[in-house]
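So the structure is just underneath, and the comments pick up after that.
Protein chains in written order, with this note's numbering: chain A, 1 to 198; chain B, 199 to 740.
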C-alpha cells in the first residue's frame with residue numbers, strides 16, 4: 001500500500017470532519033435559539049447567575065492554548081522537536097486547567113441544587129430549566145471535546161517524542177491542531193451566548 | 199505473484215493470513231465484501247422480523263404475538279432495515295468496491311479510516327442487539343419520538359446510542375468518498391467523465407455529511423434526557439417535543455435520499471449497458487442527482503403536517519416536496535429514453551432495473567399524495583404511508599440493490615450465476631411485492647392505522663392477501679440468494695466484461711487484482727460511449 005503524501009487531501013478530509021462537528025453543535029444552537037425566543041426573560045435572569053469571572057478566565061486559558069498549539073505547528077515546520085514537545089505539553093496543561101475551572105463552576109451550581117433533573121429546577125420557571133439544561137448539555141459536550149482534544153494532542157506529543165511525527169511528516173499534528181482550534185472556536189460561541197449577551 | 203492475481207489471493211496487509219488478512223485489511227474491495235456479509239446478515243434478520251409482523255397481521259386479534267411484542271418487532275424491523283441495511287447498503291458495499299475502480303484509483307483516500315468505519319458499523323450492530331436484551335426490547339418505532347422515547351422503560355438509550363455509532367460510521371464513509379473523488383480521480387478524468395454510479399455515491403456522501411451530525415446531536419440529547427432528565431424535549435419541564443421532530447426529520451428526510459440516490463446510480467449504470475447505448479442525458483442525470491441532494495434537504499417538515507405548524511409552513515414544505523419530485527422524474531424519463539432505439543439485451547440486472555422503474559414510480563407518485571397537505575391529513579399514520587415508503591425503499595432501493603448485486607456479482611467473485619433462477623427470483627419477488635404492498639394503499643385510504651398489532655374485522659381480507667404476498671416475496675428473496683450462493687459451487691468463470699460495459703471496472707479482471715489496475719487505465723472521453731469501446735477492443739461486448 002502506498003503512503004499518501006497528499007497534504008491537501010488529508011486536510012480536505014479534516015475540514016469535512018470539522019464541518020460535521022460544527023453541525024453537531026449547530027443542532028444545539030438551534031435549540032438555544034428556539035428557547036431563547038420562547039423564554040427570553042427567564043434566560044436573562046438565569047444567565048446573570050453564571051460566574052462571569054470564571055468564564056472569562058477560561059476563555060483566556062483556552063485561547064492561549066490555541067496559540068501554543070499554533071506555535072507548536074510552526075515550530076514543527078522548522079523541525080524544532082524539543083520546542084514542539086514543550087509547547088504541546090503547555091497546551092495540554094492549559095486544557096486541563098480549563099477543565100478544572102469548569103469543574104469548580106459546575107460544582108458551585110451543583111451545590112445550589114442546580115443540575116439537570118434537580119428538584120429545584122423542575123419546580124422553577126420553565127425558561128430557567130431550559131437555560132440550565134442547555135448550559136449543562138452544551139458545556140458538557142464541549143468539555144467532552146476538550147477531553148478528546150487532550151487525548152489527540154497527547155498522542156501527537158508521544159509520536160513527536162518517538163520521532164514518528166517530524167517536519168517532513170506532520171499531517172497528524174496539523175489536523176490535531178485544526179481540531180483544537182475548532183474546540184476553541186466552539187467555546188468562543190458558547191461564552192457570549194451563556195455569559196455575555198444576557 | 200503477478201500483478202494480475204486477484205485480491206482474494208493477495209492478502210492485504212501482506213503479513214497476515216486467513217481471517218486476519220480480512221479483518222485487518224485496508225483494501226477497499228475486501229472491506230466492501232466484509233460489508234456485504236454483515237449487511238446481508240442484518241437484512242435476513244430484518245426480513246424475518248417483518249415476516250413475523252405480517253403473519254400476526256394476517257388475521258385480527260392476537261394470533262402470534264401480544265401488543266408489546268409487536269411494538270418491539272416493528273421497532274427492531276425499522277431500526278435494522280433503515281440504519282443497518284438501506285442507509286449503508288449500497289454506498290458501503292458497492293461504493294467501497296466500485297467507486298475507486300470507476301475513477302481509476304488504487305484505493306479510497308483514507309484506507310484505514312475505511313476499516314474503522316466497518317468496525318463502527320459492526321459495533322453499532324452489536325450495540326443494537328444488546329439493547330434488545332438489557333431492559334426489554336425498544337418499542338418506540340425507528341423514529342424515537344419524544345416524549346414517549348424518554349419515558350418508556352425499555353432499552354431505548356442503548357438503541358439510540360447504536361444509531362449514533364452507525365451515524366458516525368456513515369459520516370466517515372461519506373468523508374472518505376468525497377475526498378477520494380476529489381483527490382484520487384484519474385488525472386485524465388474530468389467531472390463530466392465520472393460514471394453515474396460514482397456521481398450518485400458522491401452526491402449521497404455530501405448528504406451523509408451534511409445531515410448526519412444533526413441526528414447525532416438529537417440522539418445525544420435524547421440519551422441525556424433519559425439519563426439525567428435535562429428536560430429539553432420534555433413538555434412537563436418546558437421543552438418542546440415538536441423541536442425534536444424538526445431536528446429528527448432534518449436528518450431523516452435527507453436520509454431518504456441517502457437511501458435512494460445510490461440505488462438510482464446503479465440503475466443509471468444498468469440501463470446503458472443493457473441497451474448498448476449511451477445513457478440519455480448524462481449531464482441532466484448528474485444535475486438531477488445534485489438537485490435531489492440539495493432540494494431533498496429542505497422538505498423535512500412534510501412529516502409534520504399534522505404535528506402543529508403554521509399554515510404558511512405547511513404550504514412552503516408542501517411546495518418544496520413537490521419540487522423534489524421533478525429531478526426524480528427527470529431521471530425516470532432519462533432511463534426510459536435510454537432504452538429507446540437501444541439494442542436491448544435482457545439479463546437479470548436489467549429485469550431488476552425494469553421492476554425498479556415501475557415500483558419506484560408508483561412509490562414516487564404516492565409520495566406526492568402525501569406531500570399535498572390536504573390528503574396528507576386523511577392518510578397520516580395509516581397503512582397508506584407504510585405502502586408508500588416500502589414502495590420507495592424496498593421497491594426502489596431494494597430492487598436497485600438486487601440489480602446491482604446481479605450486475606456486479608461476476609465482478610466481485612469472477613463467477614456467473616444461473617439466469618433462469620435469477621429471473622424466477624426476480625419475478626416472485628416483484629409479484630409478491632405488489633401483492634404485499636398494494637393492499638396497504640387501500641387499507642390506508644379506508645383508515646387502517648399503522649403501528650397497531652390488530653384491526654377491525656373489515657380490514658381482514660386485504661391484510662390476509664398482503665400476508666400471502668409477503669410469503670411469496672420472501673420466497674423470491676430466498677431463491678435469489680440461494681442462486682447467488684450456488685454460483686460458488688459451480689465455477690463458471692465470468693470474464694472481465696460479461697455484460698459489455700464501458701466503465702473502468704469492466705476493463706480489469708474479475709475479481710480485480712489487489713492494486714485494481716495492472717496496466718494504466720484508459721479513460722474514455724465519455725463514460726458510456728459504446729461505439730468508442732467497440733473501436734478500441736474489437737470483438738468485445740458479447
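Positions of the beta carbon are idealized from the N, C-alpha and C atoms, including for glycine.
Look up residue i in the DSSP assignment and say whether it is helix, strand or coil.
{"i": "residue 227 (chain A)", "result": "The shown model of chain A, from 1 to 198, leaves out residue 227 (chain A), and the question about it has no answer."}
{"i": "residue 525 (chain B)", "result": "helix"}
{"i": "residue 573 (chain B)", "result": "helix"}
{"i": "residue 613 (chain B)", "result": "strand"}
{"i": "residue 65 (chain A)", "result": "helix"}
{"i": "residue 580 (chain B)", "result": "strand"}
{"i": "residue 5 (chain A)", "result": "coil"}
{"i": "residue 315 (chain B)", "result": "helix"}
{"i": "residue 209 (chain B)", "result": "coil"}
{"i": "residue 450 (chain B)", "result": "helix"}
{"i": "residue 336 (chain B)", "result": "coil"}
{"i": "residue 176 (chain A)", "result": "helix"}
{"i": "residue 204 (chain B)", "result": "strand"}
{"i": "residue 691 (chain B)", "result": "strand"}
{"i": "residue 298 (chain B)", "result": "helix"}
Could you confirm whether any beta carbon from chain B is found closer than 8 Å to the beta carbon of residue i?
{"i": "residue 96 (chain A)", "result": "no"}
{"i": "residue 31 (chain A)", "result": "yes"}
{"i": "residue 193 (chain A)", "result": "no"}
{"i": "residue 173 (chain A)", "result": "no"}
{"i": "residue 76 (chain A)", "result": "no"}
{"i": "residue 184 (chain A)", "result": "no"}
{"i": "residue 36 (chain A)", "result": "no"}
{"i": "residue 122 (chain A)", "result": "yes"}
{"i": "residue 129 (chain A)", "result": "yes"}
{"i": "residue 16 (chain A)", "result": "yes"}
{"i": "residue 5 (chain A)", "result": "no"}
{"i": "residue 190 (chain A)", "result": "no"}
{"i": "residue 110 (chain A)", "result": "no"}
{"i": "residue 142 (chain A)", "result": "no"}
Nearest to residue i by CA position, among the options, is which residue?
{"i": "residue 575 (chain B)", "options": "B:516, B:522, B:434", "result": "B:516"}
{"i": "residue 350 (chain B)", "options": "B:401, B:420, B:594, B:384", "result": "B:420"}
{"i": "residue 409 (chain B)", "options": "B:439, B:374, B:455, B:442", "result": "B:455"}
{"i": "residue 139 (chain B)", "options": "B:219, B:358, B:582", "result": "Since the first and last residues shown for chain B are 199 and 740, residue 139 (chain B) lies out of range."}
{"i": "residue 174 (chain A)", "options": "A:122, A:88, A:125", "result": "A:88"}
{"i": "residue 566 (chain B)", "options": "B:521, B:318, B:532, B:600", "result": "B:521"}
{"i": "residue 281 (chain B)", "options": "B:236, B:385, B:697, B:647", "result": "B:236"}
{"i": "residue 310 (chain B)", "options": "B:390, B:568, B:211", "result": "B:211"}
Comparing the C-beta of residue i with each C-beta of chain A, is any distance below 8 Å?
{"i": "residue 256 (chain B)", "result": "no"}
{"i": "residue 320 (chain B)", "result": "no"}
{"i": "residue 570 (chain B)", "result": "no"}
{"i": "residue 728 (chain B)", "result": "no"}
{"i": "residue 383 (chain B)", "result": "no"}
{"i": "residue 439 (chain B)", "result": "no"}
{"i": "residue 369 (chain B)", "result": "yes"}
{"i": "residue 373 (chain B)", "result": "yes"}
{"i": "residue 710 (chain B)", "result": "no"}
{"i": "residue 427 (chain B)", "result": "yes"}
{"i": "residue 446 (chain B)", "result": "no"}
{"i": "residue 436 (chain B)", "result": "yes"}
{"i": "residue 415 (chain B)", "result": "yes"}
{"i": "residue 430 (chain B)", "result": "yes"}
{"i": "residue 721 (chain B)", "result": "no"}
{"i": "residue 419 (chain B)", "result": "yes"}
{"i": "residue 221 (chain B)", "result": "no"}
{"i": "residue 308 (chain B)", "result": "yes"}
{"i": "residue 299 (chain B)", "result": "no"}
Go ahead and label residue i buried or exposed: buried means 16 or more other beta carbons lie within 10 angstroms of its beta carbon, across all protein chains shown.
{"i": "residue 287 (chain B)", "result": "buried"}
{"i": "residue 607 (chain B)", "result": "buried"}
{"i": "residue 703 (chain B)", "result": "buried"}
{"i": "residue 260 (chain B)", "result": "exposed"}
{"i": "residue 160 (chain A)", "result": "buried"}
{"i": "residue 564 (chain B)", "result": "buried"}
{"i": "residue 417 (chain B)", "result": "buried"}
{"i": "residue 346 (chain B)", "result": "exposed"}
{"i": "residue 541 (chain B)", "result": "exposed"}
Just checking my contact of residue i with residue j at CB under 8 Å: how many whole Å lie between their CB atoms?
{"i": "residue 401 (chain B)", "j": "residue 452 (chain B)", "result": "About 11 Å; that fails the 8 Å criterion."}
{"i": "residue 58 (chain A)", "j": "residue 98 (chain A)", "result": "5 Å"}
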